[in-house]
Amino acid sequence: MTTTSIVAGGRNDFMTVRHLVLRGGQREIGRALALDIQAASDWQPRAVDPLVSRARDVWFARNWPQHRDRMTGAAEVFQADPMSMDGMSSIAGSGCSATFCPPAASADGRGRLGRNYDFFTLSQKQLVESLSGAAPQPSDEPPMASRPYVITSYPDDGLASTVLTMSNVDGCMDGINEAGLAVVLLLADITATAPPDFGRGPQAGLDPTQVPRFLLDTCTSAAEARVALLSGKQYDNASVACHYLVADASGDGFVWERGAYDSEHIIPLADGPLCVTNHPLHKFPSVDDLPPDTPETFATYERLRTISKHPASSAAGIREALDEVAQKAAPGWPWRTLWRSVFDLSGRSMTTRFHLGEDAAGHLRHSEEIVFEVRR
Numbered sequence: 042m043t044t045t046s047i048v049a050g051g052r053n054d055f056m057t058v059r060h061l062v063l064r065g066g067q068r069e070i071g072r073a074l075a076l077d078i079q080a081a082s083d084w085q086p087r088a089v090d091p092l093v094s095r096a097r098d099v100w101f102a103r104n105w106p107q108h109r110d111r112m113t114g115a116a117e118v119f120q121a122d123p124m125s126m127d128g129m130s131s132i133a134g135s136g137c138s139a140t141f142c143p144p145a146a147s148a149d150g151r152g153r154l155g156r157n158y159d160f161f162t163l164s165q166k167q168l169v170e171s172l173s174g175a176a177p178q179p180s181d182e183p184p185m186a187s188r189p190y191v192i193t194s195y196p197d198d199g200l201a202s203t204v205l206t207m208s209n210v211d212g213c214m215d216g217i218n219e220a221g222l223a224v225v226l227l228l229a230d231i232t233a234t235a236p237p238d239f240g241r242g243p244q245a246g247l248d249p250t251q252v253p254r255f256l257l258d259t260c261t262s263a264a265e266a267r268v269a270l271l272s273g274k275q276y277d278n279a280s281v282a283c284h285y286l287v288a289d290a291s292g293d294g295f296v297w298e299r300g301a302y303d304s305e306h307i308i309p310l311a312d313g314p315l316c317v318t319n320h321p322l323h324k325f326p327s328v329d330d331l332p333p334d335t336p337e338t339f340a341t342y343e344r345l346r347t348i349s350k351h352p353a354s355s356a357a358g359i360r361e362a363l364d365e366v367a368q369k370a371a372p373g374w375p376w377r378t379l380w381r382s383v384f385d386l387s388g389r390s391m392t393t394r395f396h397l398g399e400d401a402a403g404h405l406r407h408s409e410e411i412v413f414e415v416r417r
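Remember, our numbering sits 41 above the position in the sequence shown when you count from 1.
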């Protein structure tokens with residue numbers, strides 16, 4: 042069973058946010074996702090090398106059968122190879138800041154994770170031009186982040202979850218499951234981001250946007266997530282490397298990063314909130330060691346200094362910290378905080394405010410906060 046609604050924005054706003062509520066087997070959920078994408082866009086699956094397809098099928102069957110079943114259902118809609126369903130998107134990488142306050146440090150004993158999702162307000166073509174050093178040209182294409190989805194899934198055979206994705210429905214940027222595990226994705230090294238290579242095909246394993254969904258489907262705690270990440274296979278698709286803040290309702294949390302030469306890093310929760318922006322934390326163990334920002338760093342170091350020192354013991358404090366480091370309106374500046382989410386891990390909920398554009402005076406416009414719960 043599927044219900045669909047528009048929960049924020051509309052024709053005259055920067056974004057239109059759709060909320061899908063899906064119930065049934067994973068295969069039925071995948072079919073419903075594909076039908077929605079088919080109706081909303083002209084997306085089509087790309088051919089996959091048969092050997093790669095076989096390797097992907099084996100990997101998903103062993104490690105992430107929930108995703109394999111969803112892609113099988115999606116493939117029935119498009120009459121295609123299930124392993125070619127990557128990137129199902131309503132529109133053919135990111136900045137961000139995040140902070141986690143465990144229950145023991147919060148004023149009311151409830152663990153919370155907050156995040157800003159920062160991204161360009163550009164189309165795919167304009168983004169490539171911008172990252173290549175050229176001035177973005179006018180485009181008839183919609184901005185890449187203008188059609189986000191909130192997807193709440195209640196599978197018959199797995200963990201229920203609510204996820205938020207910029208456009209592709211086979212992965213996500215944020216999410217929480219019914220066990221109280223939450224995961225958010227952030228760009229890992231903003232100074233090393235290259236122009237996206239959208240022509241690269243999928244591989245066996247997880248691309249950056251699939252990692253959060255994989256953890257939410259297969260793990261009930263941060264401890265289980267550590268094992269899943271260390272035993273999994275990941276690859277950087279479209280030249281964008283990401284890192285992840287993972288936290289659970291018990292108060293356990295960490296940041297997961299991959300470094301040079303296939304090194305893997307788990308940055309644990311210490312005293313105070315666990316905060317992350319857009320540089321590798323394993324290279325800077327202390328906030329005091331952060332270098333000064335440059336025009337190329339998008340204030341990643343200053344955002345971390347600010348959010349790390351801000352009181353985060355309450356939901357209001359987390360919101361204040363996120364607003365302080367949010368991207369501000371500026372003429373010609375194609376970078377905005379597109380949504381602000383606060384996860385109540387004890388309550389299994391995600392409360393999100395979306396960016397709707399600017400008014401005639403150049404002031405930012407936002408939706409009201411919307412609460413998305415994941416309870417059976």
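Positions of the beta carbon are idealized from the N, C-alpha and C atoms, including for glycine. On a predicted model such as this, the values are computed, not experimentally measured, just so you know.
Beta-carbon proximity list for residue i, same chain, < 7 Å, skipping 5 on both sides
i: T232; result: E337 and T338
i: V328; result: L345, R346 and S349
i: Q275; result: G246, L247, V252 and R299
i: I309; result: Looking at the sequence shown, residue 309 is not Ile but Pro. Excluding positions up to five away in sequence, the list reads F295.
i: S408; result: A49, G50, R394, F395 and L397
Residue i versus residue j: straight-line alpha-carbon distance, rounded
i: G273; j: R103; result: 10 Å
i: V62; j: L331; result: 42 Å
i: V169; j: A175; result: 9 Å
i: T318; j: F161; result: 16 Å
i: D400; j: R406; result: 7 Å
i: L397; j: L286; result: 26 Å
i: A311; j: G136; result: 24 Å
i: V415; j: S194; result: 8 Å
i: D143; j: Y302; result: Asp is not the amino acid found at residue 143; the sequence shown has Pro there. Approximately 32 Å between the Cα atoms of the pair.
i: Q79; j: Q368; result: 33 Å
i: F255; j: W105; result: 7 Å
i: S130; j: V224; result: 21 Å
i: L74; j: A116; result: 11 Å
i: A186; j: S304; result: 31 Å
i: V191; j: T206; result: 7 Å
Contacting residues, own chain, Cβ-Cβ under 6 Å from residue i (five flanking each side not counted)
i: N218; result: L200, S202 and L257
i: G403; result: A370
i: A220; result: T261
Residue from the options whose Cα sits closest to the Cα of residue i
i: F141; options: Y276, P321, W105 and K350; result: K350
i: D230; options: D83, F325, I78 and A223; result: F325
i: V58; options: T45, Q67, R377 and G212; result: T45
i: A96; options: P243, A367, H396 and L270; result: P243
i: L226; options: H284, V191 and S180; result: H284
i: D181; options: P372, F413, K166 and S171; result: K166
i: M56; options: P189, V118, A115 and S94; result: P189
i: D83; options: T43, N53, F119 and R377; result: F119
Cutoff 8 Å; reference residue i; Cβ partners in own chain excluding five residues on either side
i: V93; result: M124, G242, P243, Q244 and A245
*Is the stretch 381 to 398 touching the stretch 143 to 154 in the sense that three or more CB pairs, one from each, lie closer than 8 Å?*
Touching, yes.
*Assess, as a yes-or-no matter, whether the stretch 122 to 129 is touched by the stretch 78 to 93 under the definition of 3 or more beta carbon pairs within less than 8 Å.*
In this structure the stretch 78 to 93 touches the stretch 122 to 129; the number of beta carbon pairs closer than 8 Å is three or more.
*Taking only runs that begin and end inside the stretch 151 to 230, name each unbroken beta strand (DSSP E) of 3 or more residues, in chain order.*
With a minimum length of 3 residues, the continuous beta strand (DSSP E) runs that stay inside the stretch 151 to 230 are 153 to 161, 190 to 196, 202 to 206, 215 to 218 and 223 to 228.
_Within 8 Å, do at least three Cβ pairs link the stretch 260 to 268 to the stretch 104 to 116?_
Segment contact: the stretch 104 to 116 against the stretch 260 to 268, fewer than three CB-CB distances shorter than 8 Å; contact not assigned.
*Those runs of the alpha helix (DSSP H) which lie wholly inside the stretch 82 to 129 and span at least 4 residues*: Runs found: 91 to 104 and 106 to 119.
*Which parts of the stretch 347 to 378 are runs of the alpha helix (DSSP H), unbroken and 4 residues or longer, counting only runs that do not cross its ends?*
Those alpha helix (DSSP H) runs which fall completely within the stretch 347 to 378 and span 4+ residues are 356 to 365.
*Counting only runs that start and end within the stretch 238 to 309, where is the beta strand (DSSP E) found for 3 or more residues in a row?*
For the stretch 238 to 309, whole beta strand (DSSP E) runs of length 3 or above, ordered along the chain, are 283 to 288, 294 to 299 and 305 to 309.
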